[in-house]
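Residue numbers (UniProt numbering), protein chains in the order written: chain A, 1 to 316; chain B, 1 to 297.
As structure tokens, this is what we get:
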């Protein structure tokens with residue numbers, strides 16, 4: 001067999017600099033410039049991301065109405081967390097979020113892979129244009145997409161029910177049916193984001209050496225075998241990255257729920273991020289809202305750790 | 001100038017591989033094109049629906065079953081959308097907000113990315129990865145304190161308040177650092193030997209080599225800020241400052257009645273055009289840049 005080695009990630013870099021041979025030496029007076037160049041970015045990120053993160057944790061241990069000064073905040077320990085898990089609507093919001101994220105990832109990742117394979121390997125015309133069109137949905141404001149899909153899902157005058165009716169399938173109530181509403185939201189999340197993930201996966205495919213396929217072909221491996229034994233294992237970094245991006249993007253879903261369903265019908269689309277915003281800005285309960293925010297944050301940390309372990313475990 | 005050329009990131013390789021035979025079965029070819037057609041119709045159909053609906057008359061719009069092409073196209077819905085709510089004013093607001101954020105992110109990211117790529121100091125990589133970690137922190141998690149901070153600075157309901165938290169971010173720093181790392185150290189050494197200061201090195205030697213990265217980040221940030229809904233919704237009160245997405249929301253909520261749905265769709269079309277145009281104009285570089293951001297990650 002040939003040596004199984006992927007090209008380094010920087011393949012195609014300009015006459016590679018011998019970076020490794022250069023000792024990390026410090027230059028006199030460079031420190032001032034480092035500090036000066038870093039400070040605007042670090043200041044903004046520190047003040048508007050790190051400090052608020054710490055404050056979220058702090059507020060989550062307090063009772064504080066958003067409509068009163070922060071000085072009237074009172075310590076309640078873990079009360080907010082206790083109440084969070086005693087409130088069935090909020091517990092359901094957590095499960096809805098898990099379902100939304102899980103469904104989004106389960107549909108998006110395989111679908112993006114299939115489309116990426118189609119748009120990369122076979123010699124067909126028009127692939128470039130298709131990529132651009134696929135990506136276009138990513139740049140449209142979510143509110144516009146919400147309006148479009150609200151109309152596509154509309155019963156009667158909407159095209160989807162007309163199309164389903166034409167082939168004799170009774171259209172579900174989509175957004176007004178508690179068992180379909182969340183799925184409907186997943187569908188247009190997938191629609192909006194697919195092109196972005198396809199581009200990322202195609203980029204990953206370009207990094208797989210052609211020689212592997214040549215060798216596999218000599219060994220008599222067919223397309224399926226090649227995909228299963230070469231493409232998917234070697235694409236793993238990109239696949240994990242796409243899974244991570246799907247996760248991060250869908251766990252913070254807010255706009256379509258705020259705009260289309262307000263968490264309904266029957267609480268079936270109430271997700272954590274919507275509940276965070278509603279609890280704070282409509283009910284003013286900043287403490288409980290922050291406890292929810294911390295829970296969301298913990299979900300991200302746990303999922304990130306799991307994905308990281310998957311990455312490491314498979315690498316060997 | 002320098003001998004280093006901009007680095008094209010291969011989005012496509014010249015010779016695609018598996019399953020390549022000398023001549024393909026015509027049925028396979030037909031199947032592939034059919035699949036391609038499906039793949040392209042998925043994004044196109046809803047966009048097509050948006051456009052035709054925006055040009056239908058209310059009567060035609062309400063028809064059951066729906067018509068697939070407007071029988072007598074009219075610009076009335078567009079005109080109504082533009083006069084019912086101050087769309088043009090909002091366009092200006094969005095341009096100010098998105099433009100301001102984009103420029104600021106570019107500048108802060110280039111300088112920070114340069115330091116993380118080319119300067120050496122203890123703890124540099126730890127600091128870098130800590131910054132990158134904030135990329136995975138959704139804004140919703142910090143919304144309440146962020147709102148509190150910005151309003152207690154007296155900046156609620158101001159342009160500055162809308163922009164301030166988004167003037168720098170980890171993604172931009174990450175992207176710039178990855179691209180600047182590809183610039184040979186020799187080039188920077190040479191500039192230093194010529195007596196160039198750090199500022200001049202960045203502006204005169206690094207920036208010209210970053211064109212693809214700059215375009216990518218600029219488009220990405222512009223689109224992101226243009227489409228950002230949650231933060232303006234939280235911090236803005238007066239319509240005069242509303243970006244397009246909030247104005248569209250207003251249009252959507254006070255024309256809930258069915259006869260005005262085509263007006264709302266016309267509004268959605270208007271609100272989508274600027275980012276779509278920016279994307280189409282820059283797509284060649286932008287799509288490659290996004291691809292590169294994935295590989296380098």
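From the three backbone atoms N, C-alpha and C, an ideal C-beta is built for every residue, glycine too.
Got a sec: is the Cβ-Cβ distance from residue 131 of chain A to anything in chain B below 9 Å?
Taking the first residue of the first chain as position 1, residue 131 of chain A is located at position 131. Closer than 9 Å to some Cβ of chain B, the Cβ of residue 131 of chain A qualifies, so yes.
So if I threshold CB-CB distances at 7 Å, which residues from the stretch 265-293 of chain A count as touching chain B?
273, 276, 277, 280, 281, 286, 289, 290 and 293
Is the CB of residue 22 of chain A under 9 Å away from at least one CB in chain B?
By one-based count along the first chain, residue 22 of chain A stands at place 22. With a pLDDT of 46 at residue 22 of chain A, under the threshold of 50, the predicted position of this residue should be treated as unreliable, though the coordinate-derived value follows. It does: the Cβ of residue 22 of chain A has a partner Cβ on chain B nearer than 9 Å.
With 9 Å as the threshold, decide whether the Cβ of residue 208 of chain B is near any Cβ in chain A.
By 1-based counting over the second chain, the position of residue 208 of chain B is 208. No, its Cβ sits nowhere closer than 9 Å to a Cβ of chain A.
Any Cβ of chain B within less than 9 Å of the Cβ of residue 305 of chain A?
Reading the first chain from its first residue, position 305 is the one you call residue 305 of chain A. Not one chain B Cβ lies under 9 Å of residue 305 of chain A.
So within the stretch 218-260 of chain B, which uninterrupted alpha helix (DSSP H) runs reach at least 4 residues, ignoring any that extend past its ends?
230-235 and 244-254
Bridge-paired residues (DSSP) for residue 63 of chain A
Numbered from 1 along the first chain, position 63 holds the residue referred to as residue 63 of chain A. Partner(s): A/74.
Could you work out which residues of chain B lie near residue 139 of chain A, taking near to mean beta carbons separated by less than 7 Å?
The residue labelled residue 139 of chain A in the question sits at position 139 within the first chain. Near residue 139 of chain A (Cβ distances below 7 Å), the residues of chain B are 223, 275, 276 and 279.
Per-residue DSSP class, three states only, for residue 9 of chain A:
Here residue 9 of chain A is taken as the residue at index 9 of the first chain, counted from 1. Interpretation of residue 9 of chain A is limited by its pLDDT of 40, a score under 50 that renders its predicted location unreliable; the figure taken from the coordinates is listed afterwards. Residue 9 of chain A falls in the coil class under three-state DSSP.
Candidates B/103, B/223 and B/55: which alpha carbon is nearest residue 72 of chain B's?
For the purposes of this step, residue 72 of chain B is taken as residue 72 along the second chain, with counting starting at 1. Nearest option by C-alpha distance: B/55.
Assess, as a yes-or-no matter, whether the stretch 189-200 of chain A is touched by the stretch 88-105 of chain B under the definition of 3 or more beta carbon pairs within less than 8 Å.
no
If you check the beta carbons only, do residue 132 of chain A and residue 283 of chain B fall under 9 Å apart?
Stepping through the first chain from its first residue, residue 132 of chain A is reached at position 132. Stepping through the second chain from its first residue, residue 283 of chain B is reached at position 283. In this structure, residue 283 of chain B lies closer than 9 Å to residue 132 of chain A by Cβ.
Exposure label - residue 282 of chain A; buried when at least 16 CB within 10 Å:
Position 282 of the first chain, counted from the first residue, corresponds to residue 282 of chain A. Its Cβ having fewer than 16 others within 10 Å, residue 282 of chain A is exposed.
I'd like to confirm the pairing. Which residues does DSSP put opposite residue 285 of chain A in its beta bridges?
Taking the first chain and counting its residues from 1, the one referred to as residue 285 of chain A is at position 285. Answer by DSSP bridge pairing, in chain order: A/65.
Interface residues of chain B facing residue 319 of chain A [CB-CB closer than 7 Å]:
The first residue shown for chain A is 1 and the last is 316, placing residue 319 of chain A beyond what the model contains.
Chain-ordered neighbours of residue 255 of chain A on chain B, where CB pairs are closer than 8 Å
For the purposes of this step, residue 255 of chain A is taken as the residue at position 255 of the first chain. The contacting residues are 229 and 230.
Tell me, please, whether the stretch 205-225 of chain B touches the stretch 118-127 of chain A by the rule of three or more beta-carbon pairs shorter than 8 Å.
no
What's the C-alpha gap between residue 49 of chain B and residue 42 of chain B?
Taking the first residue of the second chain as 1, we reach residue 49 of chain B at position 49. Taking the first residue of the second chain as 1, we reach residue 42 of chain B at position 42. C-alpha separation (whole angstroms): 12 Å.
Assign residue 7 of chain A to buried or exposed, taking buried as 16 or more other Cβ atoms, counted over all protein chains shown, within 10 Å of its Cβ.
For the purposes of this step, residue 7 of chain A is taken as the residue at position 7 of the first chain. Note that residue 7 of chain A scores 38 on pLDDT, short of 50, meaning its location in the model is unreliable and no value can be drawn from it.
Under 8 Å Cβ to Cβ from residue 135 of chain B, same chain only, skipping five residues before and after it: list those, please.
For the purposes of this step, residue 135 of chain B is taken as residue 135 along the second chain, with counting starting at 1. Around residue 135 of chain B: 169, 170, 171 and 174.
Interface partners of residue 44 of chain A on chain B, CB under 9 Å
Position 44 of the first chain, counting from 1, holds the residue named residue 44 of chain A. Going along chain B in sequence order, the residues near residue 44 of chain A (Cβ under 9 Å) are 104, 108, 164, 165, 166, 167, 168 and 169.
Limits of the unbroken alpha helix (DSSP H) element including residue 31 of chain B
Position 31 of the second chain holds residue 31 of chain B. Where residue 31 of chain B is concerned, the enclosing alpha helix (DSSP H) stretches over 26-54.
Quick one: list the residues of chain B neighbouring residue 56 of chain A, beta-carbon separation under 7 Å, in chain order.
Against the first chain, residue 56 of chain A aligns to sequence position 56. Simply 141, 142, 144 and 145.
Got a sec: which bits of the stretch 105-123 of chain A sit with their beta carbon under 8 Å from any beta carbon on chain B, in order along the chain?
115, 118, 119, 120, 121, 122 and 123
For a cutoff of 9 Å on Cβ pairs, would you count residue 218 of chain B as touching chain A?
Locating residue 218 of chain B in the second chain gives position 218, counting from the first residue. With 9 Å as the cut-off, residue 218 of chain B does not count as an interface residue toward chain A.
From what residue to what residue does the alpha helix (DSSP H) around residue 104 of chain A run?
By one-based count along the first chain, residue 104 of chain A stands at place 104. It spans 88-120 - the alpha helix (DSSP H) in which residue 104 of chain A sits, taken as one unbroken run.
Is residue 264 of chain B helix, strand or coil when you go by DSSP?
Taking the second chain and counting its residues from 1, one reaches residue 264 of chain B at position 264. Three-state DSSP puts residue 264 of chain B in a helix.
Does residue 180 of chain A have its Cβ less than 9 Å from a Cβ in chain B?
Against the first chain, residue 180 of chain A aligns to sequence position 180. With 9 Å as the cut-off, residue 180 of chain A does not count as an interface residue toward chain B.
Would you decide whether residue 254 of chain A is buried or exposed? Buried here means 16 or more other CB atoms lie within 10 Å of its CB.
On the first chain, position 254 is the one that residue 254 of chain A refers to. Answer is buried; the Cβ neighbour count reaches 16.
Return the CA-CA distance between residue 144 of chain A and residue 269 of chain B, expressed in angstroms with no decimal places.
Taking the first residue of the first chain as 1, we reach residue 144 of chain A at position 144. Taking the first residue of the second chain as 1, we reach residue 269 of chain B at position 269. Going from the Cα of residue 144 of chain A to the Cα of residue 269 of chain B covers about 7 Å.
Is any beta-carbon of chain A found at less than 9 Å from that of residue 39 of chain B?
Reading the second chain from its first residue, position 39 is the one you call residue 39 of chain B. Taking Cβ atoms only, chain A reaches closer than 9 Å to residue 39 of chain B, which makes this a yes.
Determine which residues of the stretch 86-99 of chain B have a Cβ less than 7 Å from any Cβ of chain A, and write them out in chain order.
none
Rounded C-beta distance between residue 298 of chain B and residue 44 of chain A? I'm assuming under 8 Å.
Residue numbering for chain B in the displayed model covers 1 to 297; residue 298 of chain B lies beyond these limits and cannot be assessed.
So, using beta-carbon positions, are residue 300 of chain B and residue 52 of chain A closer together than 9 Å?
Past the boundaries of the shown model lies residue 300 of chain B; chain B is included only from 1 to 297, so the question cannot be answered.
For residue 257 of chain A versus residue 138 of chain B, is the C-beta distance shorter than 9 Å?
As a first step, residue 257 of chain A must be located in the first chain, where it is residue number 257. As a first step, residue 138 of chain B must be located in the second chain, where it is residue number 138. Contact: no.
Which first and last residues belong to the alpha helix (DSSP H) in which residue 192 of chain A is found?
As a first step, residue 192 of chain A must be located in the first chain, where it is residue number 192. Run containing residue 192 of chain A: 181-205, per the alpha helix (DSSP H) assignment.
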